[in-house]
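The block underneath contains the structure these notes are about, expressed in structure tokens.
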Amino acid sequence: MPLEITPLNAPLGARVRGTRLKGDINPNHFQIIQQALLDHHLLLFPDQDITEAEQVGFSGLFGKLEIHPSKEHRSSVQQEIYRVSNVNEDGQIFSVDSYKAKYLTGTRIWHTDSSFRAIPSLGSLLRAAEVPPEGGETYFCNLHTAYEALPRHLKALVDTHCAVHSYDYIQTLVFGEKAHSFEQHEDLVQEHPMTRSHPVTGRTALYVSPHTISEIVGLSAEESRPILEEIYEFATQNRFVYEHRWTQNDVIMWDNRCTMHSVGSYDSARYRRVMLRATVSGDSPVHR
Ligand code: OGA
Ligand code: MN
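Take the sequence shown: its letters are residues 103 to 390, numbered as in the working numbering.
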């Protein structure tokens, strides 16, 4: 079957047909997919009725896979799979005021994955196992084109500043306080430059993650807030964003080094939404 790559009519992304994702994928297909990810920053693979082991096998070709700090969100089948889901593994929808349901609302805030780590994620591969009949779209933003279009005063700032990313900040946004500590105690607070050079293409991207940035280094949290809001508002304009309406068995891989994403709301008390994510570890963000 020939591999077919079709750019989406959107600010980022391409659709890939003609292959099944698995660890022993045709190496020639893998090479083309790797290049397509660099060219389009997001790849949509429809009709991937694959197992968690196949998803982990394919994802692992891109690099080491992360294990999510929250044990209760890991799949019991494959610990590398992080369940972004309002449904327990036993099939029950969480109660809307449970810890896990509230935690999930964090995905509605724009972010790039694992920016609270010293080595954030290269890319994430998300498979739609169950999708709600309405709502629950995912929005993806192109941080290369957003950077390139930034007004001069913001560009000057992001080119010369770092921001503090912290895992606790997500919890503060979601719960109003630090609600949970995790068994995995690596350092989950990091300073990263606000722009980064893509390690493979060299192209500059804005590097911000609204759900983990508490402040800009050198400014107080209060001074940082209006500047951060201005950057976020600019970067998430429709002209930089692709909205994806999920179909069951879609897999999307995105490049966390030059995109961010957020999830649209849906009736989570009524509809099931089960998304399974494998997360590839990347490298330390640097701006050359
Ligand atoms: C993620 C995430 C996206 C979604 O998997 O990293 O933020 O569509 N979720 O559930
Ligand atoms: Mn995410």
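Ideal Cβ placement from N, Cα and C applies to all residues, glycine included.
State the beta-bridge partners of Met296 as determined by DSSP. Beta-bridge analysis with DSSP links Met296 to no other residue.
Is Thr361 near the ligand OGA - that is, is its Cβ less than 6 Å away from at least one heavy atom of it? no
Looking at the structure shown, is Ser161 part of a helix, part of a strand, or coil, going by DSSP? Secondary structure of Ser161 (DSSP, three-state): helix.
What do you reckon, are the CB atoms on Thr207 and Val276 nearer than 7 Å? yes
Residues of its chain near Ser386, where Cβ-Cβ distance is below 7 Å and the 5 sequence neighbours each way are ignored: Ala220 and Ile221
How long is the line joining the alpha carbons of Val266 and His294, rounded to whole angstroms? Roughly 7 Å between the two C-alpha positions.
Could you work out which residue in Gly162, Glu232, Glu236 and Ser200 is closest to Leu224 when comparing CA atoms only? Gly162
Find the nearest neighbour of Gln292 within the set Met355, Val310, Gly304 and Trp356, judged by alpha-carbon distance. Taking only the C-alpha atoms, the option nearest Gln292 is Val310.
Using the Cα positions of Ser172 and Tyr184, report the straight-line distance between them to the nearest angstrom. 9 Å
Any heavy atom of the ligand MN inside 6 Å of the beta-carbon of Asp215? Distance from the C-beta of Asp215 to the nearest heavy atom of the ligand MN is below 6 Å.
Where His246 and His143 are concerned, what is the direct C-alpha to C-alpha distance, given to the nearest angstrom? 10 Å
Using DSSP bridges, identify the partner residues of Glu345. Tyr241
Output needed for Thr349: all residues of its chain with C-beta closer than 6 Å, excluding positions within five of it in sequence on either side, in chain order. none
Between the Cα of Phe160 and those of Arg117, Gln136 and Ile318, spot the shortest distance and give me the residue it belongs to. Taking only the C-alpha atoms, the option nearest Phe160 is Gln136.
Label Asp133 either buried or exposed according to how many other C-beta atoms from any shown protein chain fall within 10 Å of its C-beta, with 16 as the threshold for buried. First, the residue type needs correcting, since residue 133 is Gln and not Asp in the sequence shown. Answer is exposed; the Cβ neighbour count stays below 16.
Taking all protein chains shown into account, do 16 or more other C-beta atoms lie within 10 angstroms of the C-beta of Arg347, making it buried, or fewer, making it exposed? Looking at its Cβ environment, which holds fewer than 16 other Cβ atoms inside 10 Å, Arg347 is exposed.
Opposite Met362 in the DSSP bridges: which residues? In the DSSP assignment, Met362 forms a beta bridge with Cys243.
Got a sec? Which residues, its chain only, sit under 8 Å from Asp126 by beta carbon, not counting five neighbours each side? Gly159
Using 10 angstroms around the beta-carbon of Gln157, count the other beta-carbons present and answer buried if the total reaches 16, otherwise exposed. Burial is judged here by how many other beta carbons sit within 10 angstroms of a residue's own beta carbon; Gln157 has at least 16 and is buried.
To which residues does DSSP link Met355 through a beta bridge? Leu145 and Leu227
Along the chain, where does the alpha helix (DSSP H) that runs through Ser326 open and close? It spans Ala323 to Ala337 - the alpha helix (DSSP H) in which Ser326 sits, taken as one unbroken run.
Does any heavy atom of the ligand OGA sit closer than 6 Å to the C-beta of Arg117? no
Taking Cβ to Cβ, would you say His389 is nearer than 7 Å to Arg298? yes
Output the distance between the C-alpha atoms of Ile152 and Gly165, rounded to the nearest integer angstrom. 20 Å
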